[in-house]
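Trainee: For the sequence shown, the UniProt record's numbering begins at 1 and goes up steadily by one.
Ideal Cβ placement from N, Cα and C applies to all residues, glycine included.
Note that this is a predicted model, so its numbers are computed, not measured.
If you scroll down you'll find the structure; I have some questions about it.
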Amino acid sequence: MASSHTPLPTDAELSILNVLWAGGPSTVRQVADALEPTKAVGYTTVLKMLQLMHQKGLVTRDERQRHHVYTASAPREQTQGALLGDLTLRAFGGSAARLMLRALDSAPVPADERARIRALLEGLDDEEDGQ
Numbered sequence: 001m002a003s004s005h006t007p008l009p010t011d012a013e014l015s016i017l018n019v020l021w022a023g024g025p026s027t028v029r030q031v032a033d034a035l036e037p038t039k040a041v042g043y044t045t046v047l048k049m050l051q052l053m054h055q056k057g058l059v060t061r062d063e064r065q066r067h068h069v070y071t072a073s074a075p076r077e078q079t080q081g082a083l084l085g086d087l088t089l090r091a092f093g094g095s096a097a098r099l100m101l102r103a104l105d106s107a108p109v110p111a112d113e114r115a116r117i118r119a120l121l122e123g124l125d126d127e128e129d130g131q
C-alpha cells in the first residue's frame, strides 16, 4: 500500500523517476535530455515538475551547486510496491491473486520469467511451511 507520507507518482512523475533511477542524481537539463527521445517535454516543464515533486517528497534536491541536482527519494522497488499495492486495492479488491492472474493472462510470459515466478511461489510455500 502507499505510504501515508509519500504520495504515489503520476505517470509524468514516474517518467522522471525512471530517469533518476536509471541515471542517478541528475540536473534538470540531464532529466530533460533523457526524456527528449520519448517525450516532447521542455526544460521549463521538467523544472516545474521537479519542483512540485520536491514539494511532494518524491525527490530530494541538492542546492549546493549552481545547477540543482535531483535524486529519487525512494528506491524503484519501494515505489513499484506502493503502486502495486494501490492498484491491487483499487482494481482487484485487495486480491493479489486476481492481480497476478490478470497480469499473467494479459500478455505472453517468457519461459525465464515463468521460472522466476515458480521459484518465487515455491519460496512463499516454503516460508509458510516453516511457520
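#1: With 16 other CB atoms within 10 Å as the buried threshold, where does Glu-13 fall?
#2: Is Val-28 buried or exposed, if buried means 16 or more other CB atoms sit within 10 Å of its CB?
#3: Using C-beta distances below 8 Å, list every residue in its chain close to Ala-91, excluding the 5 sequence neighbours before and after it, in chain order.
#4: So Ala-74 is in the beta strand (DSSP E); what residue range does that whole segment cover?
#5: Per DSSP, Asp-62 is paired with what?
#6: Could you give the first and the last residue of the continuous alpha helix (DSSP H) run that contains Gly-130?
#7: Between the beta-carbon of Tyr-70 and the beta-carbon of Leu-83, is there less than 8 Å?
#8: CB-CB under 6 Å to Thr-45, same chain, minus the five flanking residues each way: which ones, in chain order?
#9: So what's Ser-106 in DSSP terms, helix, strand or just coil?
Mentor: Taking the coordinates as given:
#1: buried
#2: buried
#3: Leu-99
#4: That residue, Ala-74, is in no beta strand (DSSP E); it is neither H nor E in DSSP.
#5: Val-69
#6: 111 to 130
#7: no
#8: none
#9: helix
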